[in-house]
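Quick note: the sequence shown uses UniProt numbering, first residue 1, plus one each step. C-beta: ideal position from N, C-alpha, C; glycine also.
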Amino acid sequence: MTKTLLAYQPPYDWQWMTAFLGARALQGVEQQDGEFYQRTLSVMHNGKRLSGWLRLRPLPEQNVVELEVSPSLKPVSGNVAQQVRRLLDLDAQPDVIARGLGRLAENSPGLRLPGCVNRFELTVRAILGQLVSVKMAATLATRLTEKWGERVTTPFPALTHLFPSPASVAQLTVDDLRGIGVQAKRAACLIGIAQAVEAGRLPLDEMTDVQEGVKQLLAMPGIGSWTASYVAMRAWSAPDVFLGGDYLIKQRFPGMTPGKIARYAEVWTPWRTYATLHLWFNNDWRPDLS
1 MTKTLLAYQP PYDWQWMTAF LGARALQGVE QQDGEFYQRT LSVMHNGKRL SGWLRLRPLP
61 EQNVVELEVS PSLKPVSGNV AQQVRRLLDL DAQPDVIARG LGRLAENSPG LRLPGCVNRF
121 ELTVRAILGQ LVSVKMAATL ATRLTEKWGE RVTTPFPALT HLFPSPASVA QLTVDDLRGI
181 GVQAKRAACL IGIAQAVEAG RLPLDEMTDV QEGVKQLLAM PGIGSWTASY VAMRAWSAPD
241 VFLGGDYLIK QRFPGMTPGK IARYAEVWTP WRTYATLHLW FNNDWRPDLS
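What follows is the structure, encoded as structure tokens:
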């Protein structure tokens with residue numbers, strides 16, 4: 001077993017991050033088990049797909065995360081460590097971000113951006129989450145995984161599957177997905193995304209220009225501005241995306257038009273992604289209109 005310590009700069013709100021990941025844990029693929037978060041994953045290495053699992057826990061008194069990787073993933077342990085750094089936003093500089101956000105970040109300067117380990121999985125889950133609750137989105141993703149995800153052996157009874165690959169989703173039909181409760185237009189969108197990823201037309205893992213990535217997503221039938229922005233935030237760790245059209249964000253700015261909200265949010269550039277997170281989870285915040 002390979003164990004690594006990943007350092008980060010405090011403060012870090014572990015209670016918040018643990019609750020966020022735990023509430024969205026995909027049955028069979030990931031689990032929040034006490035202080036441990038664990039999940040299955042696969043990584044390409046020299047043209048071959050290596051499958052296994054990772055297990056991590058924060059050690060806040062040392063400002064590190066302890067990461068354990070299955071023996072099967074040892075050849076790509078450095079790659080997995082980078083994915084975990086992205087998942088937990090370990091490279092963020094909370095003091096710089098808090099200064100940029102001012103009053104908005106006072107309550108929780110340790111809030112981090114939850115990223116992802118698998119960008120295709122995150123994109124699929126964002127699409128499944130359109131106009132439904134977090135719980136329903138997780139239910140649909142679980143059904144998708146149980147039916148078309150590859151089974152995998154791990155030491156953890158709760159981890160049984162890999163998330164379905166782009167190749168497996170690309171071969172499905174709209175009726176296949178309707179059979180697990182996915183609405184027809186959304187099903188067509190998922191299949192289209194999987195086919196574009198598989199053919200290399202939508203390089204989710206190699207995207208270096210976030211604006212170009214958002215443009216490509218918006219060109220896909222069935223993907224709107226909210227979904228494209230959410231993918232940019234969590235899949236590509238874009239620090240300056242503002243979800244001004246989000247229902248909860250609009251609630252924080254009563255009586256203000258979308259244009260006014262967007263102009264107000266410019267004060268938080270270049271950290272508008274973090275502003276979005278703080279607005280989601282700071283019920284008491286009110287805009288300063290003086």
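Identify which residue in the options has its Cα closest to the Cα of residue i.
i           : options               : result
residue 323 : 106, 195, 276 and 261 : For the chain, the structure presents residues 1 to 290; residue 323 sits outside this window and is missing.
residue 40  : 150, 219, 7 and 169   : 150
residue 297 : 52, 43, 283 and 74    : In the structure displayed, the chain extends from 1 to 290; residue 297 sits before or after that span and is not available.
residue 56  : 44, 72 and 87         : 87
residue 231 : 178, 120, 169 and 31  : 120
residue 100 : 44, 14, 220 and 273   : 273
residue 172 : 189, 157 and 37       : 189
residue 263 : 251, 280, 236 and 244 : 244
residue 32  : 14, 178 and 236       : 14
residue 211 : 70, 35, 236 and 108   : 236
residue 83  : 220, 19, 6 and 175    : 6
residue 63  : 44, 70 and 90         : 90
residue 206 : 247, 269 and 118      : 118
residue 38  : 65, 47, 44 and 45     : 65
residue 255 : 268, 267, 287 and 226 : 287
residue 305 : 200, 45 and 59        : Nothing can be reported for residue 305: it is not among the residues displayed for the chain, which extend from 1 to 290.
For the ligand HEM, I want to know if residue i counts as a neighbour, meaning its beta carbon is within less than 7 Å of at least one of the ligand's heavy atoms.
i          : result
residue 68 : The ligand content of the structure shown is nil, which means the ligand HEM is not present either.
Considering just the uninterrupted stretch of the alpha helix (DSSP H) at residue i, what are its terminal residues?
i           : result
residue 176 : 174 to 178
residue 52  : That residue, residue 52, is in no alpha helix (DSSP H); its beta strand (DSSP E) goes 48 to 59.
residue 121 : 119 to 128
residue 72  : No alpha helix (DSSP H) contains residue 72, which DSSP labels as neither H nor E.
residue 167 : 166 to 170
residue 258 : 258 to 265
residue 152 : Where residue 152 is concerned, there is no enclosing alpha helix (DSSP H), given that its DSSP letter is neither H nor E.
residue 163 : Segment: none, residue 163 is in no alpha helix (DSSP H) and carries neither H nor E.
residue 94  : 94 to 101
residue 285 : It is not in any alpha helix (DSSP H) - residue 285 carries neither H nor E in the DSSP assignment.
Going by the CB atoms, is the gap between residue j and residue i shorter than 8 Å?
i           : j           : result
residue 166 : residue 144 : no
residue 222 : residue 186 : yes
residue 128 : residue 76  : no
residue 67  : residue 4   : yes
residue 140 : residue 180 : yes
residue 54  : residue 142 : no
residue 184 : residue 169 : no
residue 16  : residue 133 : no
residue 280 : residue 240 : no
residue 285 : residue 113 : no
residue 12  : residue 115 : no
residue 228 : residue 242 : no
residue 161 : residue 22  : no
residue 9   : residue 93  : yes
residue 138 : residue 24  : yes
Could you spell out where the beta strand (DSSP E) holding residue i opens and where it closes?
i          : result
residue 17 : From DSSP, residue 17 is part of no beta strand (DSSP E) but of the alpha helix (DSSP H) over 14 to 23.
residue 69 : 64 to 69
residue 32 : 30 to 33
residue 39 : 36 to 45
Are the region 118 to 127 and the region 186 to 195 touching, with three or more C-beta to C-beta distances below 8 Å? Taking a contact to require three or more Cβ pairs closer than 8 Å, the region 118 to 127 and the region 186 to 195 qualify as touching.
So within the region 176 to 250, which uninterrupted alpha helix (DSSP H) runs reach at least 4 residues, ignoring any that extend past its ends? 184 to 198, 210 to 218 and 225 to 235
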